[in-house]
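In what follows, a structure is listed as structure tokens, so that the remarks can point back to it.
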Amino acid sequence: MADVHIISIDGVLVVTLPAVSDDRMAERLVEQVGERLVELAARAVLIDVTNARIIDSFMGRVLAGLAGAIRLLGAEPVMVGMRPEVAITMVELGMDLGGVATALSIEHGLAGLRARAGRRM
Amino acid sequence: MTEHAPLTVRIDDEASLSAVRRAVDEAGRSLGFGLVDQTKLMTAASELARNIVLYARDGRVTIDHAHAAGRRGLRLTFEDGGPGIPNLERAMQDGYSTGQGMGLGLPGAKRLAHEFSIDSEPGVGTRVVYVLWRR
Chain A
21 MADVHIISID
31 GVLVVTLPAV
41 SDDRMAERLV
51 EQVGERLVEL
61 AARAVLIDVT
71 NARIIDSFMG
81 RVLAGLAGAI
91 RLLGAEPVMV
101 GMRPEVAITM
111 VELGMDLGGV
121 ATALSIEHGL
131 AGLRARAGRR
141 M
Chain B
11 MTEHAPLTVR
21 IDDEASLSAV
31 RRAVDEAGRS
41 LGFGLVDQTK
51 LMTAASELAR
61 NIVLYARDGR
71 VTIDHAHAAG
81 RRGLRLTFED
91 GGPGIPNLER
101 AMQDGYSTGQ
111 GMGLGLPGAK
121 RLAHEFSIDS
131 EPGVGTRVVY
141 VLWRR
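Each protein sequence line maps, in turn, to chains A and B.
Per our numbering, numbering through the first sequence is continuous, rising by one, with the last residue being 141.
Per our numbering, numbering through the second sequence is continuous, rising by one, with the last residue being 145.
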């Protein structure tokens, strides 16, 4: 079964979604990310949707909920790697991820986090 | 079986959503849709199939080719024998939901279509026809 992969890079969690998300994966997503976030005291979470061929309104709601939970745990959520065709479809569908920050790729996401951390110092 | 034989997929639980997405994916590819249209097609199919799982619990989608004035496209017909939609006008409004969705299912799927029609009768069921033409 497709599952989510979570790795840690310099205190940042990178959560990679599978190509096709089923509802069970979605239900376990917040739980798994929350556990790892607390365990590693991560300061940010990159939600990598590179593999996601579609994001329907159910998945959009799951992702917005995940971002909200990450914020409540004191970390910064950043959505990265969205495919252009997925972005276009989400806009036409009328979906809104509740103002979560986005970046083109994991690399851009990490660079953005570093730049923001630098400014705070 | 010919290339144009309609294909019907039953929709009665969350697992059937993957079956619908797979079948629509294959049908769209065989018609040669571009990447953006293919994504719209699969996303709309996912929304409409989920509506059936959420509200009617049992239904089906029939996938077949559409032809008109030299155009070719894909037609998805979603049918269920569920409770029906008492207020269609309201159900087509963004953000209106009686269930656990975002309220984007029907109006969202319509925006991803070239042609979209819906018939519903309370106590009888709902029928949604979605067409996307190949550009």
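Using N, Cα and C, we set each Cβ at its ideal position, and we do this for glycine too.
Note that the structure is a prediction, hence the values are computed from the model and not measured.
For chain A, the residues of the segment 40-63 of chain B that bring a beta carbon within less than 7 Å of one of its beta carbons are Leu45, Val46, Thr49, Lys50, Met52, Thr53, Ser56, Glu57, Arg60, in chain order. By the C-beta criterion, the segment 112-129 of chain A is judged not to be in contact with the segment 70-83 of chain B, since fewer than 3 inter-stretch pairs fall below 8 Å. Looking at the DSSP output, isoleucine 73(B) bridges to Leu17(B), Leu86(B). A straight line joining the alpha-carbon of alanine 59(B) with that of valine 19(B) spans about 10 Å. For the C-beta of leucine 86(B), not a single chain A residue is nearer than 7 Å; the gap to the nearest is close to 14 Å. At least 8 Å separates the beta-carbon of valine 50(A) from that of valine 35(A). Per the coordinates, the alpha-carbon of alanine 84(A) lies some 8 Å from the alpha-carbon of valine 120(A). Taking 4 residues as the minimum length, the alpha helix (DSSP H) runs contained wholly in the segment 65-117 of chain A are 77-92, 104-113, in order along the chain. The count of Cβ pairs closer than 8 Å, one atom from the segment 86-95 of chain B and one from the segment 128-141 of chain B, reaches three, so the stretches are in contact. Here leucine 116(B) is not near leucine 51(B), since their CB atoms are 8 Å or more apart. Under the 10 Å beta carbon count, asparagine 61(B) is surrounded by 16 or more other beta carbons and is classified as buried.
Of all residues in the segment 113-141 of chain B, only Gly113, Leu114, Gly115, Pro117, Gly118, Ala119, Arg121, Leu122 come within less than 9 Å of chain A when Cβ atoms are compared, listed by chain position.
Assigned with DSSP and collapsed to three states, arginine 32(B) falls in helix. Counting along the chain, serine 56(B) sits inside no beta strand (DSSP E); it lies in the alpha helix (DSSP H) bounded by residues 45-61. Judged by DSSP in its simplified three-state form, alanine 79(B) adopts coil rather than helix or strand. Here alanine 46(A) is buried: its Cβ has 16 or more other Cβ atoms, across all protein chains shown, within 10 Å. The straight-line gap separating the alpha-carbon atoms of tyrosine 140(B) and leucine 64(B) is approximately 19 Å.
The C-beta distance from serine 28(B) to valine 82(A) rounds to 16 Å, too long to fall under 8 Å, and the pair is not in contact.
Judged by DSSP in its simplified three-state form, histidine 128(A) adopts helix. Within chain A, the residues whose beta carbon sits less than 8 Å from that of serine 28(B) are Val40, Asp42, listed in sequence order. Look at glycine 31(A) here: in three-state DSSP terms it is coil, with no helix or strand label.
Within chain B, no C-beta atom comes nearer than 8 Å to that of isoleucine 27(A); the closest sits roughly 26 Å away. Taking all protein chains shown into account, leucine 113(A) has 16 or more neighbouring C-beta atoms within 10 Å of its C-beta and is therefore buried. The C-beta distance from valine 106(A) to alanine 123(A) rounds to 15 Å, too long to meet the 8 Å contact threshold. In summary, isoleucine 21(B) is buried, with 16 or more beta-carbon neighbours lying within 10 Å of its beta-carbon over all protein chains present. The C-beta distance from isoleucine 26(A) to arginine 63(A) rounds to 15 Å, too long to meet the 8 Å contact threshold. Contact of aspartate 90(B) with chain A is not assigned, every C-beta pair being separated by 8 Å or more.
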